[in-house]
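Colleague: First the structure, which I've put down as structure tokens, then a few questions once you've had a look.
There are 2 protein chains.
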Amino acid sequence: MAKPSVEPVGAAEVEFDHECDVLVVGFGAAGAAAAYEAAAAGADVLVLERSSGPGGTSAQSGGELYLGGGTRVQKACGFDDTPDDMFAFLTAALGPHADAEKLRLYCDGSVEHFEWFRARGVPFKESLFDAPGWMPYTDDGLMWLGENAWPYNEIARPAPRGHRPETPMFAGGILMDKLIAAAAEAGAVAHQDTSATNLVVDGAGRVAGVVARRFADRVVYRARRGVVLTSGGFVDNEEMLADHAPVLLGHDKVSDGTSDGSGIRMATALGAATRRMASVEIALTANPAVICRGMLVDGLGRRFINEDVYPGLFSHRAVQHQPGPYWAIIDEAGHDEIDEADMWGVRPKHAAETVAELEGSLGLPPGSLEATVETYNRFAERGEDPYFHKDPRWLRPLKGPFAAIDPADGFFGAGRHGAGTGAGGFTLGGLDTTVDGEVRNNSGEPIPGLYAAGRTASGIHGEGYISGTSLGDGTFFGRRAGRAAASGNREAGG
Amino acid sequence: MAKPSVEPVGAAEVEFDHECDVLVVGFGAAGAAAAYEAAAAGADVLVLERSSGPGGTSAQSGGELYLGGGTRVQKACGFDDTPDDMFAFLTAALGPHADAEKLRLYCDGSVEHFEWFRARGVPFKESLFDAPGWMPYTDDGLMWLGENAWPYNEIARPAPRGHRPETPMFAGGILMDKLIAAAAEAGAVAHQDTSATNLVVDGAGRVAGVVARRFADRVVYRARRGVVLTSGGFVDNEEMLADHAPVLLGHDKVSDGTSDGSGIRMATALGAATRRMASVEIALTANPAVICRGMLVDGLGRRFINEDVYPGLFSHRAVQHQPGPYWAIIDEAGHDEIDEADMWGVRPKHAAETVAELEGSLGLPPGSLEATVETYNRFAERGEDPYFHKDPRWLRPLKGPFAAIDPADGFFGAGRHGAGTGAGGFTLGGLDTTVDGEVRNNSGEPIPGLYAAGRTASGIHGEGYISGTSLGDGTFFGRRAGRAAASGNREAGG
Chain A
5 MAKPSVEPVG
15 AAEVEFDHEC
25 DVLVVGFGAA
35 GAAAAYEAAA
45 AGADVLVLER
55 SSGPGGTSAQ
65 SGGELYLGGG
75 TRVQKACGFD
85 DTPDDMFAFL
95 TAALGPHADA
105 EKLRLYCDGS
115 VEHFEWFRAR
125 GVPFKESLFD
135 APGWMPYTDD
145 GLMWLGENAW
155 PYNEIARPAP
165 RGHRPETPMF
175 AGGILMDKLI
185 AAAAEAGAVA
195 HQDTSATNLV
205 VDGAGRVAGV
215 VARRFADRVV
225 YRARRGVVLT
235 SGGFVDNEEM
245 LADHAPVLLG
255 HDKVSDGTSD
265 GSGIRMATAL
275 GAATRRMASV
285 EIALTANPAV
295 ICRGMLVDGL
305 GRRFINEDVY
315 PGLFSHRAVQ
325 HQPGPYWAII
335 DEAGHDEIDE
345 ADMWGVRPKH
355 AAETVAELEG
365 SLGLPPGSLE
375 ATVETYNRFA
385 ERGEDPYFHK
395 DPRWLRPLKG
405 PFAAIDPADG
415 FFGAGRHGAG
425 TGAGGFTLGG
435 LDTTVDGEVR
445 NNSGEPIPGL
455 YAAGRTASGI
465 HGEGYISGTS
475 LGDGTFFGRR
485 AGRAAASGNR
495 EAGG
Chain B
5 MAKPSVEPVG
15 AAEVEFDHEC
25 DVLVVGFGAA
35 GAAAAYEAAA
45 AGADVLVLER
55 SSGPGGTSAQ
65 SGGELYLGGG
75 TRVQKACGFD
85 DTPDDMFAFL
95 TAALGPHADA
105 EKLRLYCDGS
115 VEHFEWFRAR
125 GVPFKESLFD
135 APGWMPYTDD
145 GLMWLGENAW
155 PYNEIARPAP
165 RGHRPETPMF
175 AGGILMDKLI
185 AAAAEAGAVA
195 HQDTSATNLV
205 VDGAGRVAGV
215 VARRFADRVV
225 YRARRGVVLT
235 SGGFVDNEEM
245 LADHAPVLLG
255 HDKVSDGTSD
265 GSGIRMATAL
275 GAATRRMASV
285 EIALTANPAV
295 ICRGMLVDGL
305 GRRFINEDVY
315 PGLFSHRAVQ
325 HQPGPYWAII
335 DEAGHDEIDE
345 ADMWGVRPKH
355 AAETVAELEG
365 SLGLPPGSLE
375 ATVETYNRFA
385 ERGEDPYFHK
395 DPRWLRPLKG
405 PFAAIDPADG
415 FFGAGRHGAG
425 TGAGGFTLGG
435 LDTTVDGEVR
445 NNSGEPIPGL
455 YAAGRTASGI
465 HGEGYISGTS
475 LGDGTFFGRR
485 AGRAAASGNR
495 EAGG
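From first to last, the protein sequence lines are chains A and B.
So for the first sequence, this note's numbering puts the first residue at 5; every next one is plus one.
So for the second sequence, this note's numbering puts the first residue at 5; every next one is plus one.
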């Protein structure tokens with residue numbers, strides 16, 4: 005099948021239209037961080053953005069930043085965190101097989117990184133949102149992301165590390181406004197509506213720029229010191245999903261629509277290595293406030309996890325490992341406890357006086373949900389959950405009337421929209437990079453002049469994910485890549 | 005970390021020690037098939053093999069070949085199979101996301117491919133081994149591989165398609181003896197103790213040979229028409245496993261020890277694309293004869309599949325998706341039914357009069373296995389398995405005394421050996437190839453002069469696996485790659 009060529013182009017075959025020291029491809033969070041640092045280090049920086057404005061997927065995100073080790077916000081909220089506890093938690097939660105080298109740097113540098121955001125003008129309110137949820141409906145600056153749930157509460161001293169700009173719900177816009185302004189102020193110049201299509205390579209095998217497309221025009225950029233690829237992942241590229249992360253096929257895409265994998269492909273065309281291309285983030289539109297007080301069951305009416313974990317974890321476990329459909333089960337007493345704002349517009353649809361009735365109306369195997377609820381209640385009576393270790397504060401025998409909610413119905417009365425599966429996500433795998441964002445070839449050596457960060461690269465993640473770790477590692481290693489590119493040796497004759 | 009370089013070498017920078025038309029790298033099943041066809045088409049063929057003798061992992065395998073559509077053996081055993089039924093079964097069983105284009109050719113060409121093996125002297129006895137199992141302990145030439153288990157029995161008309169050379173247990177040796185002899189007879193010449201390390205590329209970007217190592221010497225080969233990479237997968241390369249298929253880390257390796265991914269890496273270093281690098285085969289040393297009559301439960305005492313499926317499927321479901329440890333549960337009546345030879349040397353270790361006792365000694369959550377057995381028995385009484393649809397012929401209420409077997413104890417009294425997890429496997433992902441074995445670059449175009457087959461390539465598999473599909477597609481597409489390479493245009497000046 006003919007695809008647009010991503011093959012590298014020889015420097016001798018092109019005429020350059022623009023020149024800079026550091027060329028950043030993609031103006032999301034990682035690109036803004038790289039552009040800021042490269043410009044602050046004195047480099048002449050151009051940023052290419054394929055959309056008509058900057059921000060990318062980051063600007064549409066929740067804006068969570070997974071930070072800790074004793075930030076100002078954590079201290080103000082009364083938590084005494086350490087880089088070691090943060091490292092232990094993330095090693096488990098982003099694993100198995102999280103990247104220990106990157107993670108160590110990320111945790112040790114986390115307080116500094118938090119202060120960097122503050123210095124760029126990102127506002128963080130010094131208050132904790134202390135409830136299970138995907139995103140606070142308040143403007144609190146700190147939230148739990150599963151650190152206090154089993155087994156993580158036994159692996160590291162729990163402290164909340166979800167930091168977020170001061171606004172209710174989606175905070176990615178505020179974050180990106182500040183980072184884009186900071187990059188511009190430092191001197192980085194953006195070229196919008198400009199899609200990089202191919203890397204330009206000189207005779208010595210060094211990346212010397214990119215070929216790009218702006219509407220109908222071909223525009224060629226020379227980068228004297230380095231090219232930093234920060235163009236996102238590949239969730240919008242169906243063929244790449246089928247080849248590398250098929251679990252996301254058919255689900256919604258957490259993306260601004262431009263996560264087409266082009267950064268990854270331009271680099272692999274040049275012989276760059278990849279890592280963890282099958283790793284993904286998946287979110288299921290199940291409401292944590294509901295399932296913490298009730299349960300989440302699979303298509304066989306079985307629980308499969310402690311429902312008080314980080315929501316991305318129950319989502320991942322469901323979509324990757326359990327037979328669907330999934331059902332959030334709640335009783336009247338539990339439902340009545342939940343703040344209206346915390347329901348995210350979800351209305352129980354299937355109501356029944358008994359579990360047997362509910363089970364029948366959901367089409368579950370006969371006796372399956374009854375057995376699940378009977379077992380749950382028997383142990384909940386004693387404040388125990390020997391199967392999954394849900395925290396005792398959520399344990400209470402469930403009593404009729406009951407209701408079930410189909411996550412595929414979505415939040416805020418959306419009904420079945422998009423893919424209609426109730427699940428969506430993005431890709432975590434990408435280019436194999438050093439801690440300074442240098443892109444490695446298949447022999448483990450950096451490709452001269454080529455850097456990557458954000459979801460174009462494989463970051464701190466193994467097979468797991470926690471909110472705020474993608475913006476977190478994208479900006480952290482984006483900054484490092486920007487600095488490394490700015491200090492890169494000039495090419496011969498540059 | 006410094007790794008041996010797999011970067012391509014320019015043809016102008018080397019002096020060739022040997023020349024041929026078609027150079028095949030790796031003398032397992034795919035390599036033998038490619039070498040035979042290329043030589044039979046009149047090409048001058050050299051085969052490089054890194055070990056001191058040919059055969060590779062294929063020679064140590066069970067020797068199953070997944071073939072059907074109406075072979076001579078199927079007919080003799082009374083089965084009326086069609087390519088369409090075979091296609092429907094494999095689309096489901098190798099999926100989700102099996103390769104439809106390759107699979108269609110594979111199924112339509114299956115009878116011819118079977119006859120090709122016969123013509124090469126591979127003996128197939130025209131009799132059926134009609135019992136659940138990993139491998140027959142008889143010399144029967146045909147076996148079921150889950151075609152008659154739910155849901156596959158509703159997807160395609162069931163017919164057994166596991167074809168195997170006439171010998172009890174491991175038949176890969178016989179298979180490879182015949183294929184190696186056939187390749188030699190056709191004129192292919194093998195260079196042993198010779199490891200290919202880098203591809204040689206000419207100025208036009210065409211693959212023109214390989215650099216290899218033979219003990220301390222560097223030996224350079226010129227291939228006038230094409231290089232066919234058939235050097236296996238990457239299960240023996242821990243770093244590649246961590247990067248691409250971490251689920252196999254820590255488990256046993258189904259390999260002759262040389263599946264180091266070098267063929268894949270040499271090609272990706274040149275900009276070749278990969279597919280499905282996370283797909284794997286996994287086998288759990290649980291005995292199908294036992295669990296069909298009893299049950300297989302996970303670390304929470306729950307069943308998770310109809311135990312009469314193809315054994316690789318219950319293995320895959322367990323290791324990829326269920327919390328361990330896993331237990332094979334059987335009652336005395338079931339145990340007494342099993343032929344001694346069919347026990348594969350397995351001795352029940354944990355015995356108990358009641359399920360409650362057994363559950364306690366296995367350390368399962370209180371009441372968990374009891375609930376599982378109670379539910380199983382209640383429905384088995386009526387010949388039903390509404391959860392997992394095990395065939396009624398295996399359904400019978402289980403009655404004490406009971407026993408449990410830990411798959412990690414292995415077969416044939418091996419005890420805990422190797423990795424000690426009871427699971428092992430190999431990789432299914434690899435280079436992105438056309439149906440003629442041409443290796444594609446990241447733009448979807450064939451790289452001139454470069455071919456691949458067997459586990460160096462991504463074949464017919466999506467995320468699933470069935471015994472005999474790896475030797476099957478390796479030989480089928482190996483033959484096509486050999487023919488395509490033999491007919492390749494000679495390089496300029498060749």
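Positions of the beta carbon are idealized from the N, C-alpha and C atoms, including for glycine.
Determine the burial state of D436 of chain A: buried for a count of at least 16 other Cβ atoms within 10 Å of its Cβ, exposed for fewer.
Modeller: Locating residue 436 of chain A in the first sequence gives position 432, where the first residue counts as 1. Its Cβ being crowded by 16 or more others within 10 Å, D436 of chain A is buried.
Colleague: So, is Q568 of chain A buried or exposed, given that buried needs 16 or more other C-beta atoms within 10 angstroms?
Modeller: The requested residue 568 of chain A does not occur in the structure, where chain A is confined to residues 5 to 498.
Colleague: So the alpha helix (DSSP H) M270 of chain A belongs to, where does it begin and stop?
Modeller: In the first sequence, the residue the question calls residue 270 of chain A occupies position 266. Where M270 of chain A is concerned, the enclosing alpha helix (DSSP H) stretches over S266 to T272.
Colleague: Here's a check: name, in chain order, each residue in its chain whose Cβ is nearer than 6 Å to the Cβ of V223 of chain A, leaving out the five neighbours to either side.
Modeller: The residue given as residue 223 of chain A occupies position 219 in the first sequence. Excluding positions up to five away in sequence, the list reads D21 and A216.
Colleague: Using beta carbons (cut-off 8 Å, strictly below), is T95 of chain A in contact with chain B?
Modeller: Taking the first sequence and counting its residues from 1, one reaches residue 95 of chain A at position 91. No, T95 of chain A lies away from the interface with chain B (no Cβ there is under 8 Å from its Cβ).
Colleague: If you follow the beta strand (DSSP E) that D21 of chain A is in, where does it begin and where does it stop?
Modeller: Translated into positions along the first sequence, residue 21 of chain A becomes position 17. Segment: none, D21 of chain A is in no beta strand (DSSP E) and carries neither H nor E.
Colleague: Counting contacts by CB-CB distance shorter than 8 Å, is E495 of chain B in contact with chain A?
Modeller: For the purposes of this step, residue 495 of chain B is identified with residue 491 of the second sequence, where counting begins at 1. With a pLDDT of 44 at E495 of chain B, under the threshold of 50, the modelled position of that residue is not reliable, and the figure given next carries that caveat. No, because no Cβ of chain A sits closer than 8 Å to the Cβ of E495 of chain B.
Colleague: For V232 of chain A, list the residues DSSP reports as bridge partners.
Modeller: As a working mapping, residue 232 of chain A is identified with position 228 in the first sequence. Bridge partners of V232 of chain A: A:V28 and A:Y455.
Colleague: Which parts of the segment 306-344 of chain A are runs of the beta strand (DSSP E), unbroken and 3 residues or longer, counting only runs that do not cross its ends?
Modeller: Runs found: 331-335.
Colleague: Since H255 of chain B meets chain A, which of its residues come closer than 9 Å, beta carbon to beta carbon?
Modeller: As a working note, residue 255 of chain B is residue 251 in the second sequence. Here the premise fails: no neighbours, minimum Cβ distance about 13 Å.
Colleague: Within 8 Å (strictly less), CB to CB, does D523 of chain A reach chain B?
Modeller: Any property of residue 523 of chain A remains undetermined from this structure, which presents chain A solely from 5 to 498.
Colleague: In its own chain, which residues sit with a C-beta less than 7 Å from the C-beta of G349 of chain A, not counting the 5 before and 5 after it?
Modeller: Translated into the one-based positions of the first sequence, residue 349 of chain A becomes position 345. Around G349 of chain A: F415, F416 and G417.
Colleague: Count the other CB atoms within 10 Å of the CB of T431 of chain B; is the residue buried (16 or more) or exposed (fewer)?
Modeller: As a position in the second sequence, residue 431 of chain B is number 427, starting the count at 1. Buried is the call here.
Colleague: Can you list the residues of chain E that H325 of chain B reaches, using a CB-CB cut of under 9 Å?
Modeller: Absent from the structure: chain E. Protein chains present are A and B.
Colleague: Taking Cβ-Cβ distances shorter than 8 Å, what residues in chain A pair up with Y391 of chain B?
Modeller: Sequence index remark: in the second sequence, residue 391 of chain B carries index 387 (1-based). By Cβ distance, chain A contributes L304, P369 and S372.
Colleague: For the segment 441-452 of chain A, which residues have a beta carbon sitting closer than 9 Å to at least one beta carbon of chain B?
Modeller: So the close ones are N445, N446, S447, G448 and E449.
Colleague: Helix or strand or just coil, what does DSSP make of S114 of chain B?
Modeller: Here residue 114 of chain B refers to the residue found at position 110 when the second sequence is read from its first residue. S114 of chain B: helix per DSSP, three-state reduction.
Colleague: Identify which residue in A:A163, A:A290 and A:A186 has its Cα closest to the Cα of A92 of chain A.
Modeller: Your numbering for residue 92 of chain A matches position 88 in the first sequence. The candidate whose alpha carbon is nearest that of A92 of chain A is A:A163.
Colleague: For P127 of chain A, which of helix, strand or coil comes out of DSSP?
Modeller: Numbered from its first residue, the first sequence carries residue 127 of chain A at position 123. Note: P127 of chain A maps to coil in three-state DSSP.
Colleague: Quick one: is P12 of chain B buried, meaning 16 or more other Cβ sit within 10 Å of its Cβ, or exposed?
Modeller: Walking along the second sequence from the start, residue 12 of chain B turns up at place 8. Buried, by the Cβ-count rule.
Colleague: Contact defined as beta carbons within less than 8 Å: I believe W398 of chain B pairs with D264 of chain B. What is the distance between those atoms, to the nearest angstrom?
Modeller: Position 394 of the second sequence holds residue 398 of chain B. Position 260 of the second sequence holds residue 264 of chain B. Wrong, their Cβ atoms sit about 41 Å apart, outside the cutoff.
Colleague: Near V294 of chain A, which residues of its chain fall below 6 Å by C-beta distance, leaving aside the five closest residues on each side in sequence?
Modeller: Your numbering for residue 294 of chain A matches position 290 in the first sequence. For V294 of chain A, where only same-chain residues beyond five positions count, the Cβ hits under 6 Å are A332 and I334.
Colleague: Within 10 angstroms of its Cβ, does T278 of chain B collect 16 or more other Cβ (buried), or is it exposed?
Modeller: In the second sequence, counting from the first residue as 1, residue 278 of chain B sits at position 274. Looking at its Cβ environment, which holds 16 or more other Cβ atoms inside 10 Å, T278 of chain B is buried.
Colleague: Report yes or no: is there a C-beta of chain A within less than 8 Å of the C-beta of S9 of chain B?
Modeller: The residue given as residue 9 of chain B occupies position 5 in the second sequence. Interface residue, yes.
Colleague: Relative to chain A, which residues along the segment 273-289 of chain B have a C-beta separation below 8 Å, given in chain order?
Modeller: Listed by position along the chain: A273, L274, G275, A277, T278, R279, R280, M281 and A282.
Colleague: For G305 of chain B, count neighbouring Cβ atoms within 10 angstroms of its own Cβ and tell me buried if that reaches 16, exposed if not.
Modeller: Start at 1 with the first residue of the second sequence, and residue 305 of chain B comes out as number 301. With 16 or more other Cβ atoms within 10 Å, it is buried.
Colleague: Suppose you measure from the CA of R226 of chain A to the CA of A39 of chain A; what does that come to, to the nearest Å?
Modeller: As a first step, residue 226 of chain A must be located in the first sequence, where it is residue number 222. As a first step, residue 39 of chain A must be located in the first sequence, where it is residue number 35. Near 16 Å, if we compare the C-alpha coordinates of A39 of chain A and R226 of chain A.
Colleague: Using 10 angstroms around the beta-carbon of R229 of chain A, count the other beta-carbons present and answer buried if the total reaches 16, otherwise exposed.
Modeller: Along the first sequence, one-based indexing puts residue 229 of chain A at 225. When all chains shown are included, R229 of chain A counts as buried.
Colleague: By the 8 Å beta-carbon criterion, what residues does the segment 201-235 of chain B contribute toward chain A?
Modeller: Here the close residues number zero.
Colleague: With which residues is H195 of chain A paired in a DSSP beta bridge?
Modeller: Counting from one through the first sequence, the residue named residue 195 of chain A turns up at place 191. The partner list for H195 of chain A (beta bridge, DSSP) reads A:L52.
Colleague: For the alpha helix (DSSP H) that I508 of chain A lies in, which residues bound it at each end?
Modeller: No statement about residue 508 of chain A is possible, as the shown extent of chain A runs from 5 to 498 and does not include it.
Colleague: Closer than 8 Å is the cut-off here; do at least three beta carbon pairs connect the segment 399-406 of chain A with the segment 438-451 of chain A?
Modeller: No, because fewer than three Cβ pairs between the segment 399-406 of chain A and the segment 438-451 of chain A fall closer than 8 Å, the two stretches do not touch.
Colleague: For the candidate residues B:G429, B:T479, B:A456 and B:A488, whose alpha-carbon lies nearest to that of G468 of chain B?
Modeller: Locating residue 468 of chain B in the second sequence gives position 464, where the first residue counts as 1. Of the listed residues, the one whose Cα sits closest to G468 of chain B is B:G429.
Colleague: Within 8 Å of any Cβ in chain B, is that where the Cβ of M5 of chain A sits?
Modeller: Numbered from 1 along the first sequence, position 1 holds the residue referred to as residue 5 of chain A. Per-residue confidence for M5 of chain A stands at a pLDDT of 49, beneath the threshold of 50, marking its modelled position as unreliable; the derived number appears in the next sentence. Interface residue, yes.
Colleague: Report the CB separation of E170 of chain B from G209 of chain B in whole angstroms; it is logged as a contact under 8 Å.
Modeller: Taking the first residue of the second sequence as 1, we reach residue 170 of chain B at position 166. Taking the first residue of the second sequence as 1, we reach residue 209 of chain B at position 205. In fact, because the Cβ distance is near 47 Å, the residues do not count as touching under 8 Å.
Colleague: Kindly confirm or deny that the segment 47-56 of chain B and the segment 73-81 of chain B touch, where touching means at least three C-beta pairs closer than 8 Å.
Modeller: Output reads no: the segment 73-81 of chain B does not touch the segment 47-56 of chain B.
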